[in-house]
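Trainee: FYI, my numbering numbers position 71 of the sequence shown as 110, with every residue one higher than the one before it.
Idealized CB from N, CA, C, for every residue including glycine.
To start, I am sharing the structure in question, which I have written as C-alpha cells.
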Amino acid sequence: MGFFSKLFGLDKSEPKAPDVEPIEYEGYLIYPEPIAEGGQFRIAGRICKQYGEEVKTHTFIRSDLLATKQDAESFMVNKAKMFIDQTGENMFR
40 MGFFSKLFGL
50 DKSEPKAPDV
60 EPIEYEGYLI
70 YPEPIAEGGQ
80 FRIAGRICKQ
90 YGEEVKTHTF
100 IRSDLLATKQ
110 DAESFMVNKA
120 KMFIDQTGEN
130 MFR
C-alpha cells in the first residue's frame, strides 16, 4: 500500500527538512542550505538570532551557481559573515 500511496499522492507524511549544522558567528547562527539546480548548486541559506523567546530569521538566495555543494556552502558562510558585519541586527527590520 505504501508504494501506491506515494505513486498517487496519498502519502500524507510531511517532507523531512535536511539537517544542517549551523555555524555560530558573532551571536548569529548561519545555516548554509544550497539549492541543487541543473547539476549545480545555488547559494542559499539562513541567518538566525535568538531574542529572548523569539528567533528572528533572515533567508536569502543568491543568483550565483557553483559546481559543488561544498563550494556553495563555503561561499554562503563567507557572504553571511560579511552581511552580518555590514548590517548587523538591521537585517531583521
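(1) Grab me the residues of Glu-65's own chain with a C-beta within less than 7 Å of its C-beta, minus the 5 sequence neighbours each way, in chain order.
(2) Please determine, among Thr-96, Ala-119 and Gly-77, the residue with the shortest C-alpha to C-alpha distance to Leu-104.
(3) Please name the residue in Val-94, Glu-63 and Asn-129 whose C-alpha comes closest to that of Asn-117.
(4) With Ala-75 as the anchor, note down where its alpha helix (DSSP H) starts and where it stops.
(5) Who are the Cβ neighbours of Cys-87 in its own chain at under 6 Å, not counting the five residues just before and after it?
(6) Out of Gly-84, Phe-80 and Ile-100, which one is the CA nearest neighbour of Asp-58?
(7) What does the alpha-carbon distance come out to for the pair Ala-119 and Ile-82?
(8) Does the beta-carbon distance from Glu-112 to Pro-61 come in below 8 Å?
(9) Taking the C-alpha atoms as reference points, what is the distance between Gly-91 and Asn-129?
Mentor: This is what the structure holds:
(1) Ile-123
(2) Gly-77
(3) Glu-63
(4) Membership of Ala-75 in any alpha helix (DSSP H) is not indicated; the residue belongs instead to the beta strand (DSSP E) covering 74 to 76.
(5) These residues qualify, in order along the chain: Leu-68, Val-94 and Thr-96.
(6) Gly-84
(7) 11 Å
(8) no
(9) 17 Å
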